[in-house]
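One structure is given here, and the rest of the page talks about it.
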Amino acid sequence: MSARPPVLTDPEQLKELLGIPFTPEQMACVTAPPAPQVVVAGAGSGKTTVMAARVVWLVGTGAVAPEQVLGLTFTNKAAGELAERVRKALARAGITDPDPSPADPDAAGGEPRISTYHAFAGQLLKDHGLRIGLEPGSRLLADATRFQLAAKVLREAPGPYPSLTKSLPDLVGDLLALDAELSEHLVEPAGLRAHDTALLDTLAGTKLTNEDLRKVPEAARGRLELLELVSRYRAAKRTRDLFDFSDQIALSAQLATTRPEVGALLREEFRVVLLDEYQDTSVAQRLLLSGLFGAGTGHAVTAVGDPCQAIYGWRGASVANLDDFPEHFPHADGSPATRLSLSENRRSGGRLLDLANGLAAPLREMHEGVEALRAAPGEEQAGFVRCALLPTHAEELEWLGDSVAHLVRTGTEPGEIAVLCRSAGDFAQIQAVLVARDVPVEVVGLSGLLHLPEVADLVAVCEVLQDPGANAALVRLLIGPRWRIGARDLALLGRRARLLVDRAPSSARDADERLAAAVEGVDPAEIISLADALETFLDGAGQAPDDLPFSAEARVRFAHLAQELRDLRRSLADPLMDVLHRVLAATGLDVELSASPHALAARRRETLSNFMDVAAGFAALDGEATLLAFLAFLRTAAQYEKGLDHALPGGENTVKVLTAHKSKGLEWDVVVVPDLCAGSFPKEKAPEAWTSYAKVLPYALRGDAPTLPGDPAWTSAGLKSFKAALKSHKETEELRLGYVTFTRPRSLLLASGHWWGPTQKKRRGPSAFLTALYEHCAAGFGEIEFWAEEPDPKAENPSLADDSAPDHSWPLPLDPASLALRRAAAALVESHLATPPSPSPEEDPYLWPPHCEDPSYDDEPWPAAGPAGDPSPDDPRPAGARGAGAVLTGPAAPDPDDPWAVEPWTVLGPAHGVRTPGGKAPAEEPDFDDPWAGEPWAGPRPTGGAAVPGRKAPAEEPDFDDPWAAGPHPRRLATGGAAVPGR
1 MSARPPVLTD
11 PEQLKELLGI
21 PFTPEQMACV
31 TAPPAPQVVV
41 AGAGSGKTTV
51 MAARVVWLVG
61 TGAVAPEQVL
71 GLTFTNKAAG
81 ELAERVRKAL
91 ARAGITDPDP
101 SPADPDAAGG
111 EPRISTYHAF
121 AGQLLKDHGL
131 RIGLEPGSRL
141 LADATRFQLA
151 AKVLREAPGP
161 YPSLTKSLPD
171 LVGDLLALDA
181 ELSEHLVEPA
191 GLRAHDTALL
201 DTLAGTKLTN
211 EDLRKVPEAA
221 RGRLELLELV
231 SRYRAAKRTR
241 DLFDFSDQIA
251 LSAQLATTRP
261 EVGALLREEF
271 RVVLLDEYQD
281 TSVAQRLLLS
291 GLFGAGTGHA
301 VTAVGDPCQA
311 IYGWRGASVA
321 NLDDFPEHFP
331 HADGSPATRL
341 SLSENRRSGG
351 RLLDLANGLA
361 APLREMHEGV
371 EALRAAPGEE
381 QAGFVRCALL
391 PTHAEELEWL
401 GDSVAHLVRT
411 GTEPGEIAVL
421 CRSAGDFAQI
431 QAVLVARDVP
441 VEVVGLSGLL
451 HLPEVADLVA
461 VCEVLQDPGA
471 NAALVRLLIG
481 PRWRIGARDL
491 ALLGRRARLL
501 VDRAPSSARD
511 ADERLAAAVE
521 GVDPAEIISL
531 ADALETFLDG
541 AGQAPDDLPF
551 SAEARVRFAH
561 LAQELRDLRR
571 SLADPLMDVL
581 HRVLAATGLD
591 VELSASPHAL
601 AARRRETLSN
611 FMDVAAGFAA
621 LDGEATLLAF
631 LAFLRTAAQY
641 EKGLDHALPG
651 GENTVKVLTA
661 HKSKGLEWDV
671 VVVPDLCAGS
681 FPKEKAPEAW
691 TSYAKVLPYA
701 LRGDAPTLPG
711 DPAWTSAGLK
721 SFKAALKSHK
731 ETEELRLGYV
741 TFTRPRSLLL
751 ASGHWWGPTQ
761 KKRRGPSAFL
771 TALYEHCAAG
781 FGEIEFWAEE
791 PDPKAENPSL
801 ADDSAPDHSW
811 PLPLDPASLA
821 LRRAAAALVE
831 SHLATPPSPS
841 PEEDPYLWPP
851 HCEDPSYDDE
861 PWPAAGPAGD
871 PSPDDPRPAG
881 ARGAGAVLTG
891 PAAPDPDDPW
901 AVEPWTVLGP
911 AHGVRTPGGK
921 APAEEPDFDD
931 PWAGEPWAGP
941 RPTGGAAVPG
951 RKAPAEEPDF
961 DDPWAAGPHP
971 RRLATGGAAV
981 PGR
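When the letters of the sequence shown are read in order and numbered with the numbering used here, they come out as residues 1 to 983.
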């Protein structure tokens, strides 16, 4: 369709038709001639409105027809919003008819094509893929299938791969990461192989004088082995006619750069192209777009972005694309494209913008065309900052909870408040302090869910099932409130695990032993596995040649946990959701949360349900998805904090808790930013470098190599200089993330930090961001609510000092009163289930419909209880109904109904595993020889309980709940009649 006759001739007409008071700089961007241009749009400057208005102007002036406009952005949500704005703007301007007559199909006209970058690349391959040999039947791999196929390749790879020593889920993530980087930067495997081979040759004649230098050849060898697996993975994709998102962009870039006729066809079809969030495009995406619409053609391409908000470098984005746009998309005469800017922020108050401008000053110097943000007229003095520096992490959380609760009580809608964190580590505690104050709260995103204790417990069981070497996950289960293993028995279990691997050093063996071990295939590098040590309590009834003095209760619990894990492992080949539901049934986690009437338990039920929805979505994409592939997916999500999901805050009226990365493009009236501490936000840890990590592509091979540190000299000084350059690069990345974070609030920013973390011996103090906020408030633009004095250099962390909060015993003491009540309730339930009540004679019998027969249960009664109230082994009821205990990890806390209020390992000391006054164990150490002394099922003990000096015996201080007491009676075992939780 050709362009329509013009209906717009004056920019003032556009203002009047759309009802938007455009600023002069906005109008300059809207009415610019159809030629290549880049718009550097600051935060909150109305870039989406400008893009929609530009479409209206070009269509309304007759320059193009609606269907000749192409708009690309990153997410389906953003594409939908842009398409809706364009559609409404065209209709409001009277250019298109929003409700055309069916009798006149041409009345509606065409519509602009608005889609995501990936969807556009997919359609391009579908239409023109045959030109580069891509079969039309090729299918796009979803994340589930991608991880599943990579896991299959790893399982079937012949090896050996001596340099790849990580667990299988980690290796799956590394394989996919290297494959994606190769595709994003259009690097062929042969190029990487040549680079690393040459590097190893160079290093072979170099004296490697320190550990960092010795890591370089290790990483290169690992990368070559990983590259072989990448080649196998790519071959597996080709034989199945599959490609993933990275392949999609790489193949599209190949098509655009090698088949000029494709670009000519698309330039004819789309006379105007709009590119949103261009600073987040990768090198391959830039080559795709410039190959189609640039390369000196002078096509009317408008790119919009902000280099100060380029926060996705870790996933392949290159901010250099925006900086270099004028050279990549020149005018037809070869002159650089026009650069325009938007700097009036209509979101935040002027005081908040002054803060953001101060932080972003170094970024403005780095990037051309970036201007300081200006407030809208009349908003120069709007916006407010409140900051606080608290003595301890716990006090900071209380301050956060009180501040948010006060805002909600005084009229601020919960949905207009967000808590933005640099990482998800504090999500569980933030959720808890808000729920305790009756504030509705929602944790957003998969990476956030993984840090909540109920999900972490479920994932821990899955990790132990999948990987016998997952010792950290197994320790989490062992010291949690279900199994309650004490320090002494845990240490003995570790000793047995070590003895199982190697009972004698290699030098002590004679030649015959070493030869026999080699013939038998014994791996001298075999890892120590606590799970293998657990198995000895099944196969050998806890007896082993080491004859370690485990307590009787520990032997019983170890045996039951080992049997449970063995039973669950039998189902690992089943569909993913079946495995997860079996784990929930065996552990009773969902039952325990459902049994609690408290608000926090309700939130945790919702959290668990949300996680299961994520798993169901993963499984739905590939019906054969395995636990290994899912765990690899979760590892990757947790590693990057932002996650692989595209979850956005829901529409519920709740306070949103999310990472700063996920907040980009969003806004709230009030934003809370906690943990602005030295080393936390901004983070000081250098990014993963190619010199140390096999999964990272060497910078020299990347398409954006000029923006990254160059190859170091292979000396101690050279590598130190390289690391310093990496740290500087990281500081810039963190500054961009801070800028994004502090430009999210419309009216109020709350920021806080602390001096002492929960377990750290070294003090933290305010970060550069919090210091800037303090100075901003001190200048009269905000309020300093509290600012703790700097501790004395010799001061100790009060959370670890002698006179701090009362010490807790480990395992945690139980509340006898709650235990009795829950067991009485359990007995009543079991009695009811064993003998279904008959209808009362006074009650009218239920009248079944005439065509239905009244069912009778006389032929199938519930099995009678065995001795000591034990259900029959043939009992068909679910495990949870028969007394399956609930897995809950949690430390001692004042609230007996929250087993996770303080994680048990947060009170462990470095030497003995338990914190005691002064950090030392009592002289006689009566507390750890019998970790279960004083528990209701253990019977009387001479020492009374496992209390640390300074605490009363558990019987006198019933502060803690028993997470399993709500279940039926624990089974009485033959060994001494001791009851085991959950059995």
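C-beta: ideal position from N, C-alpha, C; glycine also.
Cβ neighbour criterion (16 or more within 10 Å) applied to residue i
| i | result |
| --- | --- |
| residue 359 | buried |
| residue 351 | buried |
| residue 831 | exposed |
| residue 536 | buried |
| residue 347 | buried |
| residue 824 | exposed |
| residue 210 | exposed |
Simplified DSSP assignment, three categories, for residue i
| i | result |
| --- | --- |
| residue 74 | coil |
| residue 215 | helix |
| residue 391 | strand |
| residue 685 | coil |
| residue 451 | coil |
| residue 252 | helix |
| residue 384 | strand |
| residue 673 | strand |
| residue 527 | coil |
| residue 367 | coil |
| residue 18 | helix |
| residue 10 | coil |
| residue 662 | helix |
| residue 208 | coil |
| residue 692 | coil |
| residue 160 | coil |
| residue 41 | strand |
| residue 341 | strand |
| residue 303 | strand |
| residue 317 | strand |
| residue 753 | strand |
Reference residue i, options the options, closest by Cα
| i | options | result |
| --- | --- | --- |
| residue 461 | 363, 581, 350, 279 | 581 |
| residue 309 | 367, 590, 557 | 367 |
| residue 661 | 737, 730, 632 | 737 |
| residue 380 | 825, 593, 746 | 746 |
| residue 315 | 423, 180, 407 | 180 |
| residue 396 | 339, 675, 628 | 675 |
| residue 223 | 434, 189, 210 | 189 |
| residue 631 | 681, 579, 680, 663 | 579 |
| residue 709 | 320, 393, 726, 207 | 726 |
Whole-Å CB distance - residue i paired with residue j, under 8 Å assumed
| i | j | result |
| --- | --- | --- |
| residue 669 | residue 750 | Wrong, their Cβ atoms sit about 11 Å apart, outside the cutoff. |
| residue 752 | residue 428 | So it is not a contact: roughly 18 Å between Cβ atoms. |
| residue 440 | residue 653 | 7 Å |
| residue 787 | residue 391 | The pair is not a contact, with the Cβ atoms about 10 Å apart (cut-off 8 Å). |
| residue 342 | residue 47 | 6 Å |
| residue 454 | residue 570 | The Cβ separation is near 25 Å, so there is no contact. |
Within 7 Å, strictly: CB atoms of residue i and residue j
| i | j | result |
| --- | --- | --- |
| residue 199 | residue 253 | no |
| residue 349 | residue 317 | no |
| residue 121 | residue 248 | yes |
| residue 401 | residue 437 | yes |
| residue 501 | residue 479 | no |
| residue 153 | residue 691 | no |
| residue 73 | residue 276 | yes |
| residue 445 | residue 658 | yes |
| residue 52 | residue 89 | yes |
| residue 404 | residue 777 | no |
| residue 244 | residue 137 | no |
| residue 148 | residue 629 | yes |
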